[in-house]
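In UniProt numbering, the protein residues as written are 1 to 528.
Written out as structure tokens, the structure reads:
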């Protein structure tokens, strides 16, 4: 035996077989239980406090945000964190559901492994079940893309369903309207760059609004026009701060003070030429990424040009995108530079702050959502919720298939999977059966979080779903079963499909593990 032990380095730890699988299962289930209370309209939030400087606090119930902030040692738990991240990037919503479903699949798998069923058999069963579940949903999807009004109401319903489990649930009609308007302006692109979300503390969430156009969070320079119509905008990233000699970096040998003055005058002249080149583009608004010193600012003011300094990088890129200009850094040949255009630039006030508002921009898709709220934390969470809604909507505009929500899709899938299990011979059928039980866990948890009697509700729901074309799901507001069609609780098909497929693959990956080897850390030699 001692010979065998010496293969790995001293501190490396090796766990085999049962113990390794136990560790993975336990870790994955712990993660699933952690986020499971945030599921559904009655889900609760978590406070995440960082131990770093400033002890920043985040209040959220977005699964991906919670898991991203956790530092986890367990390898299986990391897999779950990863799928929630991918779900967040891919479709934006359903980050909690995906983790919970994967956790439930592993919980069922653990029972099967204890019944001496080989993990590969379980995986084969899960694969069949996932395929069957996806097809069951496909048969039940609705598609209203030809009918604009109906499609819009579908989008509204999806947005309200997404927002109902978030902080914005109180004013969900209002925010759903904002989100749908913003996404419909995108005309089918899933690029959310052109929707800018500005957070301004103060006021209440109800004071948030959608603004057509672009708002730059900067002040207008001194003595410059506050309002410009039919603006030609040059967006630049260039240094405008060389009108004084920078004493620190330069070593200049002079024999009298007047020579220094000459050098300064030359610098000033250089600056003036640069400014004249810029003015030569025929512009009346100049937005720069870097500082603009007071001398060039003065020159711009004399020419009646509005100059904005130090616009943040995202703001610059967005502004260039929105006004249809390029970001320039050299100004020698004005004809090759694309200028941005907009109808009106003016200064507006939001709360205490002055902002610059560009309206009538070339890219009609752009808009700005201004969020108001009581505190930074509320705003951050509102932004996350709204971002989820925007992601889901922009995906739905492309893939217009819609299904009902509220535990209805899980029950539909679970019923089909059950029937598949009855038809399948062999040990696989146990795994397929387990898959259907895991699917039912989602409505169970939604009911549990609302403090309802989940066992009673789920059995009623199952009975309802044995009738043809039932549209019944859990209605947490009235605390019983409700007709999802009447309540207008809808979800995007793409989100549900992503949830089922990712969760199955993650569970599969963790099930395949039979050994965990933890490598020894490299020792630091003492350099004393």
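Think of the CB as a built atom: it goes at the ideal place given N, C-alpha and C, for glycine as much as any other residue.
How many whole angstroms separate the CB atoms of residue 157 and residue 228, which I take to be in contact at a CB cut-off of 8 Å? Going by Cβ atoms, the distance from residue 157 to residue 228 rounds to 42 Å, so no, they are not a contact pair.
Which parts of the stretch 292-343 are runs of the beta strand (DSSP E), unbroken and 3 residues or longer, counting only runs that do not cross its ends? Taken in chain order, the complete beta strand (DSSP E) segments of 3 or more residues contained in the stretch 292-343 are 306-308.
Check whether residue 170 and residue 239 have beta carbons under 7 Å apart: Result no, Cβ atoms of residue 170 and residue 239 do not sit closer than 7 Å.
Measuring straight from C-alpha to C-alpha, what distance separates residue 182 and residue 387? Per the coordinates, the alpha-carbon of residue 182 lies some 11 Å from the alpha-carbon of residue 387.
Which residues in the same chain as residue 27 place their Cβ atom closer than 7 Å to its Cβ, once the five residues preceding and following it in sequence are excluded? Within its own chain, the residues whose Cβ lies closer than 7 Å to the Cβ of residue 27, once the five positions on either side in sequence are excluded, are 74, 76, 77, listed in chain order.
Could you spell out where the alpha helix (DSSP H) holding residue 449 opens and where it closes? Taken as a continuous stretch (DSSP letters only), the alpha helix (DSSP H) holding residue 449 covers 428-449.
With DSSP run on the structure shown, which of helix, strand or coil describes residue 349? Residue state, collapsed to three classes: strand.
If you check the beta carbons only, do residue 345 and residue 231 fall under 7 Å apart? Taking 7 Å as the Cβ cut-off, residue 345 and residue 231 qualify as a contacting pair.
In three-state terms, what does DSSP make of residue 282? Per DSSP, reduced to three states, the secondary structure at residue 282 is coil, with no helix or strand assignment.
DSSP on residue 467, reduced to helix/strand/coil? Correct three-state label for residue 467: coil.
In the DSSP assignment, find the alpha helix (DSSP H) that holds residue 119 and state where it starts and stops. Membership of residue 119 in the alpha helix (DSSP H) is indicated by the continuous run 119-140.
Relative to the alpha-carbon of residue 154, which residue among 168, 176, 338 has its alpha-carbon at the smallest distance? Looking from the CA of residue 154, the closest CA among 168, 176, 338 belongs to 176.
Taking contact to mean 3 or more Cβ pairs, one atom from each stretch, closer than 8 Å, check whether the stretch 62-73 and the stretch 14-22 are in contact. No, the stretch 62-73 is not in contact with the stretch 14-22.
Tell me whether residue 400 sits in a helix, a strand or coil according to DSSP, three-state version. Collapsing the DSSP output to three states places residue 400 in coil.
With DSSP collapsed to three states, give me the class of residue 359. Looking at residue 359 - three-state DSSP - the assignment turns out to be strand.
Leaving out the 5 sequence neighbours to the left and right, which residues in its chain are closer than 6 Å to residue 113 when beta-carbon positions are compared? Leaving aside the five residues that flank residue 113 on each side, none in its chain has a CB nearer than 6 Å to its CB.
Buried or exposed, going by whether 16 or more other CB atoms sit within 10 Å of the CB of residue 349? Exposed, since its Cβ has fewer than 16 Cβ neighbours within 10 Å.
In whole angstroms, what is the alpha-carbon distance linking residue 8 and residue 24? Residue 8 and residue 24 have their C-alpha atoms spaced approximately 22 Å apart.
Just to check my reading of the structure: residue 137 and residue 497 have Cβ atoms closer than 8 Å, yes? What is that Cβ distance to the nearest angstrom? Indeed, because the Cβ distance is near 7 Å, the residues count as touching under 8 Å.
Under the three-state reduction of DSSP, which class applies to residue 373: helix, strand or coil? DSSP places residue 373 in strand when its eight states are reduced to three.
Under 8 Å: do the stretch 40-54 and the stretch 366-374 share three or more Cβ pairs, one atom per stretch? They do not touch, by the three-pair rule.
Take residue 20 and list the residues in its own chain whose beta-carbon comes closer than 8 Å to its own, dropping the five residues that flank it on each side. Hits under 8 Å: 513, 514, 515, 516.
In angstroms, rounded to a whole number, what distance separates the CA positions of residue 416 and residue 202? Each residue's Cα considered, the two are about 50 Å apart.
Please name the residue or residues paired with residue 199 in a DSSP beta bridge. DSSP output for residue 199 lists 371 as bridge partner(s).
DSSP on residue 492, reduced to helix/strand/coil? Residue 492 falls in the strand class under three-state DSSP.
Under three-state DSSP, which class holds residue 157? Residue 157 falls in the helix class under three-state DSSP.
Own chain partners of residue 31 with C-beta closer than 6 Å, once the 5 adjacent residues on each side are dropped: Closer than 6 Å at Cβ, skipping near neighbours: 77, 80.
Cα separation between residue 401 and residue 442? The straight-line gap from Cα to Cα measures roughly 21 Å.
Please classify residue 357: is it buried, with 16 or more other beta-carbons within 10 angstroms of its beta-carbon, or exposed? So residue 357 counts as buried.
In the DSSP assignment, find the unbroken beta strand (DSSP E) run with residue 232 in it and report its ends. 227-236 is the extent of the beta strand (DSSP E) around residue 232.
May I have the straight-line CA-CA distance separating residue 383 from residue 331, to the nearest angstrom? For residue 383 and residue 331, the distance between alpha carbons rounds to 38 Å.
Identity of the residues DSSP links to residue 481 by a beta bridge: DSSP output for residue 481 lists 474 as bridge partner(s).
Going by other Cβ atoms of all chains shown within 10 Å of its Cβ, with 16 needed for buried, is residue 56 buried or exposed? Label assigned to residue 56: exposed.
List the residues that DSSP assigns as beta-bridge partners of residue 518. Bridge partners of residue 518 according to DSSP: 13.
Is DSSP giving residue 210 helix, strand or coil here? It is a strand residue.
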